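Since the structure comes first, as structure tokens, the remarks are kept for the end.
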Amino acid sequence: MQLPEKEYYTFTDLTYKWRIEQEYLDSLVLKEKLIPSYFVTDHQATEVRFIESMIGDKTILVEDTIHVGKHIGRRFIYLRDPVRTSLSTYDFVYGCEHPTDPKEEMAYWNWYKFTTPIKSGDSQVVFLKSEVDRYEREHRQPEKIEQPTNVLMDDLEGKAKNTALRLIGGFAMDGYGIDIHASRLTGISELVSALSEKGISITEETLSKWLKKAAKVIDKPQ
10 MQLPEKEYYT
20 FTDLTYKWRI
30 EQEYLDSLVL
40 KEKLIPSYFV
50 TDHQATEVRF
60 IESMIGDKTI
70 LVEDTIHVGK
80 HIGRRFIYLR
90 DPVRTSLSTY
100 DFVYGCEHPT
110 DPKEEMAYWN
120 WYKFTTPIKS
130 GDSQVVFLKS
140 EVDRYEREHR
150 QPEKIEQPTN
160 VLMDDLEGKA
170 KNTALRLIGG
180 FAMDGYGIDI
190 HASRLTGISE
200 LVSALSEKGI
210 SITEETLSKW
220 LKKAAKVIDK
230 PQ
């Protein structure tokens with residue numbers, strides 16, 4: 010029996026579909042490589058526009074608080090400009106009609122502001138099929154092309170996994186002076202920042218998890 014196609018996917022749906030972990034999916038959203046959506050109900054969002062403002066010697070777009078637009082009706086809108094609120098959560102203050110709509114001065118008809126920020130953990134935050142299809146077209150096989158390191162590590166076994174853990178632990182110990190055998194790891198944020206500058210996205214939580222595993226296969230220095 011052929012089942013009808015999904016109209017949208019949840020976070021759980023995509024982690025299963027692409028064989029990736031939640032934190033990696035979060036990183037795609039935070040970088041706006043994959044744009045989630047939200048079904049807006051009455052009086053949940055209003056039209057908003059932006060104006061140019063000088064901050065020092067830079068011109069930036071800021072919200073025009075003088076002109077407040079009308080409320081929008083019930084429909085899906087794309088969630089934009091995610092703001093991280095903790096290690097594993099983020100909020101959305103703005104939404105727009107299309108996933109690629111740029112912020113432009115006086116763009117009154119495309120952008121909206123939520124009366125209350127939408128939380129990343131809200132069950133109503135989903136990915137429309139059209140957006141998932143777009144991402145898959147651009148990346149073909151996301152589970153192979155952009156597979157996160159921690160998922161690949163889970164596929165390793167025996168000596169190969171121990172070798173990988175020794176390399177990870179040794180790099181952290183020698184390159185960043187992290188005591189991986191300590192009950193509380195320090196220096197993690199610096200290493201995460203350094204990796205981010207090289208284009209490697211990993212959370213402090215994930216790095217800590219693998220360093221603790223590395224500590225089990227590396228003898229504590231005397």
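So for the sequence shown, the working numbering puts the first residue at 10; every next one is plus one.
Each residue gets a CB set at the ideal place from its N, CA and C atoms; glycine is no exception.
Model, not experiment: these values are computed from the prediction.
Going by C-alpha to C-alpha distance, which of the options sits closest to residue i?
i	options	result
P111	L200, L88, E145, G184	L88
S210	W27, D90, D35, V92	D35
K222	L200, I189, K67	I189
For residue i, which residues does DSSP report across the bridge?
i	result
W120	C105
T68	M63
Y47	I86, V134
Can you name the start and end residues of the beta strand (DSSP E) that residue i belongs to?
i	result
V135	134-137
E56	54-56
E16	Taken as a continuous stretch (DSSP letters only), E16 belongs to no beta strand (DSSP E), as it is neither H nor E.
I86	84-89
What would DSSP say about residue i, mapped onto helix, strand or coil?
i	result
L194	coil
D35	helix
V160	Low per-residue confidence applies at V160: pLDDT is 47, beneath 50, and the placement is therefore not dependable, though the value from the model is reported in the following sentence. Of the three classes helix, strand and coil, the one that applies to V160 here is helix, per DSSP.
L96	coil
T125	strand
Assuming contact is defined by CB atoms lying nearer than 8 Å, are residue i and residue j in contact in what I supplied?
i	j	result
F136	F85	no
D73	I81	no
T124	A181	no
R83	D51	yes
E213	L96	yes
At what residues does the alpha helix (DSSP H) containing residue i begin and finish?
i	result
L43	No alpha helix (DSSP H) contains L43, which DSSP labels as neither H nor E.
S217	213-224
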